[in-house]
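Chemist: Remember, this note's numbering sits 159 above the position in the sequence shown when you count from 1.
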Amino acid sequence: MNEDADQLARAARQLIDTDDLLGGGFLPAEHHPLPEVQTSAPAAGAEAPAEMTPAQKAAMLKALDEEEVRTCTLCGLHRTRTHTVFGEGDPSAALVFVGEGPGADEDATGRPFVGRAGELLTKMIEAMGLTRQDVFICNMVKCRPPGNRTPAPDEIAACWSYLIRQLQIIRPKVLVTLGNPSTQGLLNTRVGITRLRGQWQKLPELAPGLGGIDVMPTFHPSYVLRQYTPDVRGKVWSDLQAVMKHLGLAPAARKGATGR
Ligand code: SF4
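#1: Report the partner residues of Val-257 according to the DSSP bridge assignment.
#2: Take the Cβ of Gly-204 as the centre, count every other Cβ of all protein chains shown within 10 Å, and call the residue buried at 16 or more, exposed below.
#3: Using the DSSP secondary-structure output, state which residues sit across from Lys-361 in a beta bridge.
#4: Can you tell which of Leu-322, Gly-306 and Val-300 has the C-alpha that lies nearest to the C-alpha of Pro-312?
#5: How about Thr-377 and Leu-337: do their beta carbons lie closer than 9 Å?
#6: Just list the residues that DSSP pairs Gly-248 with in beta bridges.
#7: Please state whether DSSP places Ala-401 in a helix, a strand or coil.
#8: In the structure shown, what three-state DSSP assignment does Arg-349 receive?
#9: Could you tell me whether the Cβ atoms of Leu-254 and Val-294 are closer together than 9 Å?
#10: Is the stretch 358-365 close to the stretch 236-252, with three or more CB pairs under 8 Å?
#11: Of the choices Ile-372, Val-333 and Thr-353, whose alpha-carbon is the least far from that of Val-399?
#12: Taking the continuous alpha helix (DSSP H) assigned at Thr-281, which residues delimit it?
#13: Drop a sphere of 10 angstroms on the beta-carbon of Pro-261, count the other beta-carbons inside from all chains shown, and report buried for 16 or more, exposed for fewer.
#14: Is it buried or exposed for Glu-226, if we count other Cβ within 10 angstroms and need 16 for buried?
#15: Between Cys-297 and the ligand SF4, is the CB less than 8 Å from at least one heavy atom?
#16: Roughly how many angstroms lie between the CA atoms of Leu-220 and Val-374, to the nearest whole one?
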């Protein structure tokens with residue numbers, strides 16, 4: 160037990176060691192309106208996603224990305240993007256992280272969470288004893304809102320079916336929603352992240368097969384970097400520990416956040 164406590168303390172310290180604050184705002188005070196839920200059929204062949212092999216899931220995600228998302232012009236964000244940012248990770252991941260939208264680094268590379276907030280998310284994942292390849296990471300919208308502003312409701316609604324279809328294909332055990340937009344959108348609630356974080360939620364039946372997935376809301380890494388207090392960091396780590404317990408991840412058997 161003492162080793163467990165030491166391991167957790169070391170991992171928590173890894174998070175605390177990241178002290179470079181991110182510029183720009185996040186976690187807007189105003190309510191973010193809910194996107195209109197679309198329950199249209201998933202991509203072809205997704206009728207029985209629970210029975211799909213990892214290879215089939217990978218192929219379906221690839222097709223969704225390459226044949227639809229990369230050429231998407233459903234909302235105005237396509238005009239200013241450099242790359243779409245579909246998301247990446249294990250197509251059969253038990254754990255999916257959902258953020259808000261790509262930032263400048265993500266727009267430049269086409270990969271999710273690769274800037275400062277991404278570095279912190281990576282540390283958070285590693286503190287759980289996992290790698291980015293073990294989980295799936297994506298956002299509510301697949302194109303960068305100019306100036307890293309919060310995506311507008313019509314932009315979230317336009318992109319909504321892509322996220323839903325991603326989740327239908329992956330069929331994770333646990334979703335971690337990062338910040339207000341993904342928490343409020345996926346849980347179909349107006350309650351804010353400050354009240355919801357740390358409390359297990361159930362995903363509504365947004366589309367066939369998605370109802371009842373366990374959801375852990377927590378703060379967005381950008382918010383953690385801006386509000387870099389022991390209290391905020393401790394809350395996020397507590398949320399991640401709850402996810403680890405839920406997924407049966409034993410801290411004592413895992414390496415520290417950065418393997419140091
Ligand atoms: S944000 Fe989503 S809906 Fe808008 S253009 Fe990009 S992929 Fe299409």
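Glycine is no exception: its CB is placed at the ideal position from the N, C-alpha and C atoms.
Modeler: Short version:
#1: In the sequence shown, counting from the first residue as 1, residue 257 sits at position 98. Answer is Cys-297 and Thr-336, bridged to Val-257.
#2: In the sequence shown, the residue the question calls residue 204 occupies position 45. Bear in mind that the predicted position of Gly-204 carries a pLDDT of just 39, short of 50, making it unreliable; the figure below should be weighed with that in mind. The residue in question, Gly-204, is exposed, as its Cβ has fewer than 16 Cβ neighbours within 10 Å.
#3: For the purposes of this step, residue 361 is taken as residue 202 along the sequence shown, with counting starting at 1. Paired residues: Asp-373.
#4: Residue mapping note: residue 312 aligns to position 153 of the sequence shown, counting from 1. Closest by alpha carbon: Val-300.
#5: As a working mapping, residue 377 is identified with position 218 in the sequence shown. As a working mapping, residue 337 is identified with position 178 in the sequence shown. Their beta carbons are under 9 Å apart, which means Thr-377 touches Leu-337 by this criterion.
#6: Stepping through the sequence shown from its first residue, residue 248 is reached at position 89. Its beta-bridge partners are Phe-295.
#7: The residue labelled residue 401 in the question sits at position 242 within the sequence shown. Three-state DSSP puts Ala-401 in a helix.
#8: Reading the sequence shown from its first residue, position 190 is the one you call residue 349. Residue state, collapsed to three classes: coil.
#9: Numbered from 1 along the sequence shown, position 95 holds the residue referred to as residue 254. Numbered from 1 along the sequence shown, position 135 holds the residue referred to as residue 294. Yes, Cβ-Cβ distance for Leu-254 and Val-294 is below 9 Å.
#10: no
#11: For the purposes of this step, residue 399 is taken as residue 240 along the sequence shown, with counting starting at 1. The amino acid at residue 399 is misidentified as Val; the sequence shows Leu. It is Val-333 whose Cα lies nearest to the Cα of Leu-399.
#12: The residue you call residue 281 lines up with position 122 of the sequence shown. Unbroken alpha helix (DSSP H) run through Thr-281: 275-286.
#13: For this step, residue 261 is matched to residue 102 along the sequence shown. Pro-261 comes out buried.
#14: On the sequence shown, position 67 is the one that residue 226 refers to. Exposed is the call here.
#15: Residue 297 sits at position 138 when you count from the first residue of the sequence shown. Cys-297 Cβ: outside cutoff for every heavy atom of the ligand SF4.
#16: Position 61 of the sequence shown, counting from 1, holds the residue named residue 220. Position 215 of the sequence shown, counting from 1, holds the residue named residue 374. Their backbone Cα atoms lie some 22 Å apart in a straight line.
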